[in-house]
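Worksheet: one structure, shown below.
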Amino acid sequence: MKSRTRLITGAVATAMVGALALTACSGGGGGGEDDGGDKTITFMFRGGTDEKAAYQAAIDRYTEDTGVKVNMIVTDADQYATKLQAAVAGNNVPDVFYIEQASLQSYVASGVLMDITDQVAESGLDLDNIWEYGVDSYRFNGTVQGTPDGALYGLPKDVGPFSFGYNKTMLEDAGIELPDKDTPLTWEEFVDICKKLTTDTDGDGAVDQWGTGLNVQWNLQSMVWSNGGDWTNEDHTQVTVDTPEFAEALQKFADLTNIDKVTPSASDAATLDTYQRWMAGEIGFFPVGPWDVSVYNDLDFDYDLIPWPTVGDAGSATWIGSLGIGVSATTEHPQDAVNLVTYLSGDPEAQQTLVDANIQIPNLIDVAQDWAAEEGAEPANRQEFLDIVQDYGRAMPAAFTYGAEWYDELWTNIQPVLDGKQTAADYLAETQPKMQTLLDESISNAEQAGGGA
Amino acid sequence: MTRSQAAAATVDPPPADAGPQPERAPDRDRRARNRLHRVEHRWALLFIAPPVIGFLLFTLYPIGFAVYTSLTSWNGLGPMRFVGLDNYVALVQDEYFRKSLWNTFFYMIGIPIGLVLSLLLAIALNRRIPGRTAFRTIYYVPVISSLAAIAIVWQFAYNGDFGLINQVLGWFGINGPDWLQNTATVKPAIILMAIWKGLGYSMLLYLAAIQSVPASLYEAASLDGANAYQKFRSITLPMVRPVTFFLVVTNIIAGAQIFTEINIMTPTGGPEFSSASVVWYIVRKAFKYQQMGYATAMAIVLGILVLVITLIQFRLNRRNSFSIE
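Going line by line, the protein sequences match chains A and B. Mapping of the first sequence onto the UniProt record's numbering: position 191 corresponds to residue 191, and the numbering continues sequentially without gaps. Mapping of the second sequence onto the UniProt record's numbering: position 168 corresponds to residue 168, and the numbering continues sequentially without gaps.
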């Protein structure tokens, strides 16, 4: 009898421990708790080791200055969206988090993001000294995103002007006149130089140096825009990829491989190969983003930035990426959360920490101008990055639409065009209706989400 | 006793002279027993509560929630809007869903290949060959390695220009394709990797099964003059059948959920959607395009398909099962 009692007591104890464990799990959320004035806010972002270290340094100083502790949650780039959405679904939204341009509208419509217009105005942050493109990317007036009249739902973490570069050492060795840093090459000039660079340098019968090696998903924009084409009409309601300008640009992209033969492998759609080859000094022209600079500066050759070559007469064009930092609508510490956002986006010292890590260009215009004028900077023509942000860069086609599914559809079946098995015009005529259907769906989803919120 | 006899015995009603029936017990006795039962009942309830609550909370509720979600238009963040069977109707017309379903089942070609290889391997490593422990360990290493890490390594191996595989092919003058960027080679490439990854696990189970076959069976067969192949056909193969059945069922269920390899090796679903699996498509719809309702509808269709296939397998296995008299 005695042993049985003990057994039962044990069982009850076990059950209670189990129950406690369960409640402990479900109570683990919430974020910042006020114990003895020690405030903690959570900041969720994504990035590699370099970025994590740079942000750690910037945030340590924030904690020193304000006494507010920051609990950082870092994920890999591909896991970020999933984890953030899971956090939202679990009612455990981080106080401050990264937000993509293309997701902003659904997060606003669903009441996840806080309107921080007033707090930012009160904070004394000089928005005029931050890139207009970056700030406007996170403005949304309920129907249109990216215009100056919307409420502010975040501040730019950075702007990412996608520039073009060339291997200076290679061109000099080949005795080719270096391209001008202000006048873009015409497409004919560009292909011509590429042909000269594409050779067999060690005489073993196999080509081991190429003019360029581009990736359709990231480089086609520049070609289409410089030819006067675009993905959609002005208000993002009509897909316009079935135009002659668009088709010509895509065809020229495919021809680089199939006709001009100035790129490495025929069936290569991923950048992996050409990225490695560029870094090995086997490729003449290659795109350069600010996030590449820390890696490219360590390469064995000199490189510099130039404007993108133009396919038509619409001028050099490229895109600017951006990632924003937003505040949860349910945060318990709205003021501290907004302070952290303005600090990361606009504090000169914080910016300096991030810029010194070579992971981005400065957000503040005056800091950026000093940065570009720096003597002996690498790459020498840093100014090109700023020109893109200020003058000729554009948002990605899907940056300000509700979701990017319509846009991704273009890439899904594009391989036969790149392999030269289908003409660009045929493919685009075939794909436009599919993209249009998806864009129509996204517009109606946006309306429903807006109405339901 | 055969199975049917055993079954019959349990179904038989108790003999008529099995003593007093509970219904006829005196009232007082019954009350006492009931009280005792009640106490025991209470304890029993307490003991079974954790798993039952766990089941309700972590299995039944999510399933119910998923079924409801699949009937709504929901971006995973805001309010849900009931749309009835709209998602399922759209699913039937979705070319990419059909394609990803086809790809997923195509990947399962690797299952029988993997089973045959691992059985042969198990037989080989069951013999007294030098260094067999080392071999067993080597074949098991992929199983305990992280799938993501393995996928990245294989991605490099498959690289069209630099990859190990094409370099090796190059020694023989073969100009290998860009494996993961080619609609014809991407699926075989992923299958090959999946077979390699799963080999050690199946091998280990087969090894255990082979070693538990009674040696007397082989001795008897030898006396009857059976050769090695006949012994394998008539003794080894039937004796490891339960393991084969287990592996087929679990491999198909796992195969229907193939995701990590696809997502890492072909992050865009391959050229022309040629490597996208159903789960990959579900994740993309749910988290990239924020169509949680639609993605859940796909998950439910996939779940039903797996359930049906598994039931069919159990039915087939019952017909094939044997017993030792």
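Ideal Cβ placement from N, Cα and C applies to all residues, glycine included. Predicted model, so just to flag it, every value in this text is computed and none were measured.
Practice prompt. Check residue 199 of chain A in the structure and name its three-state DSSP category.
Written response: If you number the first sequence from 1, residue 199 of chain A lands on position 199. Residue state, collapsed to three classes: strand.
Item to complete: Only counting runs of 3 or more residues, tell me where the beta strand (DSSP E) segments fall wholly within the segment 366 to 392 of chain A, in order along the chain.
Response: none
Worksheet item: If you check the beta carbons only, do residue 137 of chain A and residue 85 of chain A fall under 8 Å apart?
Response: Position 137 of the first sequence, counting from 1, holds the residue named residue 137 of chain A. Position 85 of the first sequence, counting from 1, holds the residue named residue 85 of chain A. No, the pair does not count as a contact, with Cβ atoms beyond the cut-off.
Item to complete: Using the Cα positions of residue 94 of chain B and residue 101 of chain B, report the straight-line distance between them to the nearest angstrom.
Response: Start at 1 with the first residue of the second sequence, and residue 94 of chain B comes out as number 94. Start at 1 with the first residue of the second sequence, and residue 101 of chain B comes out as number 101. Residue 94 of chain B and residue 101 of chain B have their C-alpha atoms roughly 11 Å apart.
Worksheet item: What are the boundary residues of the alpha helix (DSSP H) that includes residue 64 of chain B?
Response: Within the second sequence, the letter at position 64 stands for residue 64 of chain B. Residues 61 to 69.
Practice prompt. Report the rounded CA-to-CA distance for residue 24 of chain A versus residue 147 of chain A, giving the unit in angstroms.
Written response: One-based indexing of the first sequence puts residue 24 of chain A at position 24. One-based indexing of the first sequence puts residue 147 of chain A at position 147. Residue confidence is low: residue 24 of chain A scores 38 on pLDDT, short of 50, so the model does not pin down where it sits. Its coordinate-derived value is still stated next. Roughly 45 Å separates the two Cα atoms.
Worksheet item: For the beta strand (DSSP E) that residue 164 of chain A lies in, which residues bound it at each end?
Response: On the first sequence, position 164 is the one that residue 164 of chain A refers to. Taken as a continuous stretch (DSSP letters only), the beta strand (DSSP E) holding residue 164 of chain A covers 163 to 167.
Worksheet item: If you check the beta carbons only, do residue 414 of chain A and residue 216 of chain A fall under 8 Å apart?
Response: Reading the first sequence from its first residue, position 414 is the one you call residue 414 of chain A. Reading the first sequence from its first residue, position 216 is the one you call residue 216 of chain A. Yes, these two residues count as a Cβ contact at 8 Å.
Worksheet item: When burial is assigned at 16 or more other CB atoms within 10 Å of the CB, is residue 79 of chain A buried or exposed?
Response: For this step, residue 79 of chain A is matched to residue 79 along the first sequence. Label assigned to residue 79 of chain A: exposed.
Practice prompt. Give the range of the beta strand (DSSP E) segment to which residue 301 of chain A is assigned.
Written response: Walking along the first sequence from the start, residue 301 of chain A turns up at place 301. First-last for residue 301 of chain A: undefined, no H or E at that position.
Fill in: Same chain only: Cβ atoms within 7 Å of residue 342 of chain A, ignoring 5 sequence neighbours per side
Start at 1 with the first residue of the first sequence, and residue 342 of chain A comes out as number 342. Taken in chain order, the residues that qualify are 120, 123, 125 and 155.
Discussion item. Against chain B, with Cβ distances strictly below 8 Å, would residue 166 of chain A count as a contact?
Written reply: Taking the first sequence and counting its residues from 1, the one referred to as residue 166 of chain A is at position 166. Chain B contact via Cβ: absent.
Worksheet item: CB-CB under 7 Å to residue 444 of chain A, same chain, minus the five flanking residues each way: which ones, in chain order?
Response: The residue you call residue 444 of chain A lines up with position 444 of the first sequence. So the list is empty, once near-sequence residues are dropped.
Worksheet item: So, helix, strand or coil for residue 145 of chain A, using DSSP?
Response: The count along the first sequence starts at 1 and reaches residue 145 of chain A at position 145. If DSSP states are grouped into helix, strand and coil, residue 145 of chain A belongs with the strands.
Worksheet entry | Residue ranges of each alpha helix (DSSP H) within the segment 77 to 113 of chain A, 4 or longer | 77 to 89 and 104 to 109
Fill in: Cβ shell of residue 307 of chain B (< 6 Å), same chain only, five flanking positions each side left out
Locating residue 307 of chain B in the second sequence gives position 307, where the first residue counts as 1. None.
Worksheet item: Does the beta carbon of residue 435 of chain A come closer than 8 Å to any beta carbon on chain B?
Response: By 1-based counting over the first sequence, the position of residue 435 of chain A is 435. Cβ-Cβ to chain B under 8 Å: no for residue 435 of chain A.
Worksheet item: Nearest to residue 97 of chain A by CA position, among A/436, A/419 and A/327, is which residue?
Response: What you label residue 97 of chain A is simply residue 97 of the first sequence in a count that begins at 1. Per the Cα distances, A/327.
Item to complete: Kindly indicate which three-state DSSP category residue 142 of chain B falls into: helix, strand or coil?
Response: On the second sequence, residue 142 of chain B is found 142 positions in, with the first residue counted as 1. Helix.
Fill in: Where residue 107 of chain A meets chain B, residues with beta-carbon distance less than 8 Å
The residue given as residue 107 of chain A occupies position 107 in the first sequence. Here the neighbours are 77.
Worksheet item: Since residue 322 of chain A sits in a beta bridge, which residues does DSSP pair it with?
Response: One-based indexing of the first sequence puts residue 322 of chain A at position 322. Bridge partners of residue 322 of chain A: A/159.
Worksheet item: Do the segment 402 to 418 of chain A and the segment 237 to 255 of chain A touch if we need at least three Cβ pairs shorter than 8 Å?
Response: Flag = yes, the segment 402 to 418 of chain A and the segment 237 to 255 of chain A touch.
Worksheet item: Quick one, are the C-beta atoms of residue 459 of chain A and residue 344 of chain A less than 8 Å apart?
Response: Outside the displayed span of chain A (1 to 453) sits residue 459 of chain A, for which this structure offers no information.
Discussion item. Checking 8 Å against the spacing of the C-beta atoms, do residue 432 of chain A and residue 224 of chain A come in under that value?
Written reply: Position 432 of the first sequence, counting from 1, holds the residue named residue 432 of chain A. Position 224 of the first sequence, counting from 1, holds the residue named residue 224 of chain A. In this structure, residue 224 of chain A does not lie closer than 8 Å to residue 432 of chain A by Cβ.
Worksheet item: Would a check of beta-carbon distances place residue 131 of chain B closer than 8 Å to chain A?
Response: Looking up residue 131 of chain B in the second sequence gives position 131. Judged by the 8 Å Cβ criterion, residue 131 of chain B is not in contact with chain A.
Worksheet entry | Under 8 Å between C-beta atoms of residue 327 of chain B and residue 183 of chain B | Residue 327 of chain B lies beyond the range of chain B shown here (1 to 325); nothing can be said about it.
Item to complete: Anything in chain B within Cβ reach of residue 415 of chain A, meaning under 8 Å, just list it in chain order.
Response: To locate residue 415 of chain A, count along the first sequence from 1; it is residue 415. The answer, in chain order, is 181, 183, 271 and 272.
Practice prompt. Closer than 6 Å by C-beta to residue 261 of chain B: which residues in its own chain qualify, once you throw out the five before and the five after it? Chain order, please.
Written response: Numbered from its first residue, the second sequence carries residue 261 of chain B at position 261. In chain order, 151 and 190 place their CB closer than 6 Å to the CB of residue 261 of chain B, counting only its own chain and leaving out the 5 sequence neighbours on each side.
Worksheet item: Just the Cα atoms here: how many angstroms apart are residue 233 of chain B and residue 212 of chain B?
Response: As a working note, residue 233 of chain B is residue 233 in the second sequence. As a working note, residue 212 of chain B is residue 212 in the second sequence. Distance between the alpha carbons of residue 233 of chain B and residue 212 of chain B is about 16 Å.
Worksheet item: Rounded to a whole number of angstroms, what is the C-alpha to C-alpha distance between residue 187 of chain A and residue 261 of chain A?
Response: Taking the first residue of the first sequence as position 1, residue 187 of chain A is located at position 187. Taking the first residue of the first sequence as position 1, residue 261 of chain A is located at position 261. Straight-line Cα distance between these residues: approximately 15 Å.
Fill in: Beta-carbon contacts of residue 29 of chain A that lie in its chain and below 8 Å, excluding the five residues immediately before and after
Indexing the first sequence from 1 puts residue 29 of chain A at position 29. Only weak support is given to the placement of residue 29 of chain A: the predicted model assigns it a pLDDT of 37, under 50, and the value that follows is read from those uncertain coordinates. So the qualifying residues of the chain are 90, 91 and 92.
Practice prompt. Taking residue 236 of chain B as the query, report the chain A residues whose CB atoms sit under 9 Å from its CB, ordered along the chain.
Written response: Taking the second sequence and counting its residues from 1, one reaches residue 236 of chain B at position 236. By Cβ distance, chain A contributes nothing, its closest Cβ being about 45 Å from residue 236 of chain B, past 9 Å.
Worksheet item: Shorter than 8 Å from the beta carbon of residue 276 of chain A to some beta carbon of chain B?
Response: Numbered from its first residue, the first sequence carries residue 276 of chain A at position 276. Yes, contact with chain B.
Worksheet item: DSSP on residue 70 of chain A, reduced to helix/strand/coil?
Response: One-based indexing of the first sequence puts residue 70 of chain A at position 70. Strand at residue 70 of chain A.
Worksheet item: First and last residue of the beta strand (DSSP E) that includes residue 287 of chain A?
Response: One-based indexing of the first sequence puts residue 287 of chain A at position 287. Note, residue 287 of chain A: beta strand (DSSP E), 283 to 288.
Worksheet item: Would you say the segment 278 to 293 of chain A touches the segment 170 to 188 of chain B, given that touching needs at least three Cβ pairs under 8 Å?
Response: no
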